[in-house]
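Notes for the one structure printed next.
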Amino acid sequence: MKKDLDWANIGFGYRPTDVRYVSMFKNGAWDEGALTKDATVTISESAGVFQYAQTCFEGLKAYTTEDGHTVTFRPDLNAERMMNSCERLRLPVFPKERFIDAVMQTIRANIDWVPPYGSGASLYVRPFMMGTSPVLGVSPAAESMFRVFVSPVGPYFKGGVRPLKLRVSEYDRAAPNGTGHVKAGLNYAMSLYAIVEAHDQGYDENMYLDSKTRTKVEETGGANFLFVTKDGTVVTPKSPTILPSITRRSLMVVAKEYLGLKCEEREVPVEELSEIAECGLCGTAAVISPVGKVIYGEKEFTFDTSAENMGPTVRKLYETLTGIQMGRIEAPKGWIYRVD
Ligand code: PLP
Ligand code: COI
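Residue 3 is where the sequence shown starts when you use the numbering used here, and the numbers rise one by one after that.
Below you can see the structure in the form of structure tokens.
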């Protein structure tokens with residue numbers, strides 16, 4: 003039986019569910035892993051995660067489809083991205099097939115927490131890894147823990163789908179040859195100052211520029227950008243220092259193959275925003291969140307949000323992607339994993 007939650011109003015926050023998955027890395031090998039009811043972690047005060055932020059994570063979602071099944075979306079790509087994050091952080095790699103299995107097991111064990119079809123909510127899945135054994139000198143921990151928990155969530159931005167107001171941040175997110183392309187916890191720790199300041203000033207998010215030249219659009223703290231030009235081309239920033247969003251990569255396929263739109267992945271100078279018709283943020287948590295305004299110093303860029311708070315092309319992309327995820331529209335082969 004589904005849990006009795008007010009699904010339409012749950013917001014985006016941590017809500018512990020019944021079961022989570024845990025596997026430990028010790029003496030050079032992963033154990034077999036298991037589900038547990040214990041939502042707490044007890045480790046050394048000197049664990050790598052505490053001293054030197056040796057941790058990375060992933061985010062994906064499970065949905066109830068129109069015909070009542072539970073599915074998840076492209077977990078193979080999250081598995082691969084986490085392998086890259088682990089390599090960059092000198093954490094032990096968790097094998098791809100085991101990652102997918104852990105995600106599927108955790109969703110299945112919490113099936114009553116998967117929000118019903120049409121509720122506007124979904125089940126957020128959070129795999130993560132941390133160095134657990136003590137370190138004092140700067141070195142990788144010898145032991146690590148991989149966990150997966152889930153939490154039912156509503157829209158990431160308060161107030162649901164509405165045009166967001168962003169500012170171009172004076173703080174940088176990622177250095178050339180740094181860790182911007184992996185999902186390291188440290189990328190988010192350093193964004194907290196900027197996000198709190200943005201919120202205090204009345205903005206929903208920060209638009210980060212490339213830190214080397216401060217002229218090109220990168221991404222926000224938790225999502226990639228998607229632009230639509232006045233002639234209807236879908237453009238997304240290309241940069242080695244942004245996170246390779248699975249939502250963005252999927253949307254580019256949707257734009258091309260389902261909607262027949264011209265697509266470009268290229269550098270986007272911030273000054274070009276004056277020529278852009280529509281703007282959205284894309285990510286697992288953000289889905290596609292429409293952007294209404296970007297403030298850049300004295301300049302203000304505004305975007306079309308005339309199709310029920312989104313630009314008309316952004317709306318089509320949104321409807322098609324969520325249609326694929328909820329089983330209303332046939333998915334490309336291999337995108338949907340059935341849990342039940
Ligand atoms: N960029 C950042 C910094 C993120 O944290 C996320 C969220 O995962 C994304 C982009 C979107 O990636 P995805 O679509 O794979 O969720
Ligand atoms: C996600 O979209 O899964 C993320 O990890 C973004 C985070 C800011 C919630």
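In this text, a Cβ means the ideal position worked out from N, Cα and C, and glycines have one as well.
heavy atom of the ligand PLP below 7 angstroms from serine 247 C-beta: yes
For alanine 55 and tyrosine 190, the rounded distance between their alpha carbons: 11 angstroms
Pairwise C-alpha distance: phenylalanine 59 and arginine 149: 9 angstroms
Proximity of phenylalanine 305 and isoleucine 278 at Cβ, strictly below 8 angstroms: yes
Straight-line gap, aspartate 40 to serine 25 (C-alpha atoms, nearest Å): 13 angstroms
Distance between glutamate 207 and isoleucine 197 (C-alpha atoms, nearest Å): 6 angstroms
Assumed close pair glycine 224, threonine 249 - CB separation to whole angstroms, cut-off 8 angstroms: Going by Cβ atoms, the distance from glycine 224 to threonine 249 rounds to 11 angstroms, so no, they are not a contact pair.
Serine 87 (DSSP reduced to helix, strand or coil): helix
C-beta contact flag for valine 21 and alanine 104 at 8 angstroms: no
contact_flag[the stretch 112-126, the stretch 82-93] where n(CB pairs < 8 angstroms) is 3 or more: no
Nonlocal neighbours in the same chain, by C-beta distance under 7 angstroms from lysine 240, ignoring five residues either side: Glu267, Arg268 and Glu269
Closer than 7 angstroms: asparagine 86 CB and nearest the ligand PLP heavy atom: no
Any heavy atom of the ligand COI within less than 5 angstroms of residue CB: hits in chain order: Gly61, Gly224, Gly285, Thr286 and Ala287
Glutamate 302: CB within 7 angstroms of a non-hydrogen atom of the ligand PLP: no
Top-ranked residue by Cα proximity to leucine 62, from His71, Asp78 and Gly50: Asp78
Whole beta strand (DSSP E) elements within the stretch 271-328, 3-residue minimum: 278-285, 289-298 and 301-304
8 angstroms CB neighbourhood of threonine 231 in its chain, flanking five on each side removed: Val237, Glu277, Ile278 and Ala279
Beta strand (DSSP E) runs wholly inside the stretch 99-153, at least 3 long, in chain order: 124-133
Given 8 angstroms, three or more beta-carbon pairs between the stretch 201-221 and the stretch 164-179: yes
Residue range of the unbroken beta strand (DSSP E) whose run includes serine 25: 22-28
DSSP state of proline 157 mapped onto helix, strand, coil: coil
Any non-hydrogen atom of the ligand PLP closer than 7 angstroms to asparagine 311 Cβ: no
Residue nearest to glycine 180 in terms of C-alpha spacing, selected from Leu275, Leu91, Lys295 and Met254: Leu91
Identified DSSP bridge partners for methionine 209: Val170
Spatial distance of alanine 257 from alanine 10 (CA atoms): 29 angstroms
Counterpart residues of tyrosine 65 in DSSP-defined beta bridges: Val73
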